[in-house]
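Counted from 1, the sequence shown has number 44 at position 45 by numbering that gives the first Met the number 0; the numbering is strictly sequential. C-beta: ideal position from N, C-alpha, C; glycine also. Being a predicted model, the structure only gives us computed values, none of them experimental.
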Amino acid sequence: MDKVERKCPSCGTWNVQGETHCFSCGEPVAPEAVIQNDFNKRNELRLAKPPNSIERVLRAWKNSPNPLWRALFVVAHTIWLIYAGILAFFLWLVAATPG
């Protein structure tokens, strides 16, 4: 079996086969570990970002003690689902028909 060496993207050292992390700096060098590390970093950035105004309003309506605000949320959510369903149907129709 051929020997595989991977170069660390951060420090530039070459690592031997079987190593998932760089032996000098500890950064991931295996493709699976690099993908998982990038996913974790993006997820942390997404969770650290404050919600925008629409998300705050919808969260307030959904968790409101007032039943009218909760009913408004349910109605708006239902309308959005119907709209998305109609769009999905038309997209399916365009994709299913030839041309």
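Starting from residue i and walking both ways along the alpha helix (DSSP H), at which residues does that stretch end?
i	result
GLU43	30 to 47
PHE72	66 to 95
LYS2	Run containing LYS2: none; DSSP gives neither H nor E here.
VAL56	52 to 61
In chain order, what residues of the same chain lie with their CB nearer than 8 Å to the CB of residue i, ignoring the 5 residues before and after it?
i	result
THR12	LYS6, CYS21, PHE22, SER23, CYS24
PRO66	none
Since I believe residue j is in contact with residue i (beta carbons under 8 Å), could you give me their beta-carbon distance rounded to a whole number of angstroms?
i	j	result
GLN16	VAL3	4 Å
ASN39	VAL28	Going by Cβ atoms, the distance from ASN39 to VAL28 rounds to 16 Å, so no, they are not a contact pair.
Tell me, which residues are paired with residue i by DSSP?
i	result
PRO27	HIS20
Whose C-beta lies closer than 7 Å to the C-beta of residue i among residues of the same chain, with five residues either side of it excluded?
i	result
ASN36	PRO27
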